[in-house]
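Visitor: This is the structure I want to talk about, given as structure tokens.
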Amino acid sequence: IDPESVFVLPPNGIQDLHISVRPLKAGSKFIYLNLVDVDQHQLVASWLVCALSRNPIISKAFEITMSAGEKGCNKRITYTNPYQSRKKYTLHTNRSDLLQFKENTFEVGAGETYTIGLRFAPGESSGQEEILIFINDQEDKNEETFCVKVNYEQAKKGSLKA
């Protein structure tokens, strides 16, 4: 929300409030937004905001296999700037508990390719996780979304035959 902190609202004045929502999954959510007079400790106004999001269009998909309960791993993927000018991008994920980026922002020249460093955390148990990587422009608008399917498998134990 912008402004982020307390602000002065003159009598009969108007103040723009900018709200940003970054959904982590598809669906709808209702959020109460309350405007409170901090001096009088009174509710001035209240709004019910409905945020509705759908699954993003996946432009690239990857799949990796890791041993569950063991060490994480580092991987690299590439992104090519489709524009005729230099651009700055920001990276986000829906699973920050499982994926960290080497750098959260990067700049890439017109038509050039940038290598994105990824650090996958170890999974606790076997199964599959779908991790989304959001590549956003300078205005935080989504340019592309990549999907990484991570297969966590139980570590294979060595066996002896008699």
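Here this note's numbering runs 255 ahead of the position in the sequence shown, where the first position is 1. Glycine residues also receive a C-beta, built at the ideal position from the N, C-alpha and C atoms.
1. Starting from the Cα of residue 331, find the closest Cα among 256, 275 and 355 and give me that residue.
2. I'd like the list of long-range same chain contacts for residue 286, defined as Cβ closer than 6 Å, with 5 residues on each side in sequence excluded.
3. Report yes if the C-beta distance between residue 346 and residue 359 is below 7 Å; otherwise report no.
4. Can you look up residue 332 in the DSSP assignment and give me helix, strand or coil?
5. Using 8 Å as the threshold, is the stretch 362–380 in touch with the stretch 296–316, meaning 3 or more CB pairs across them?
6. Where does residue 350 sit, in a helix, a strand or coil, going by DSSP?
Guide: This is what the structure gives:
1. 355
2. 304
3. yes
4. strand
5. no
6. coil
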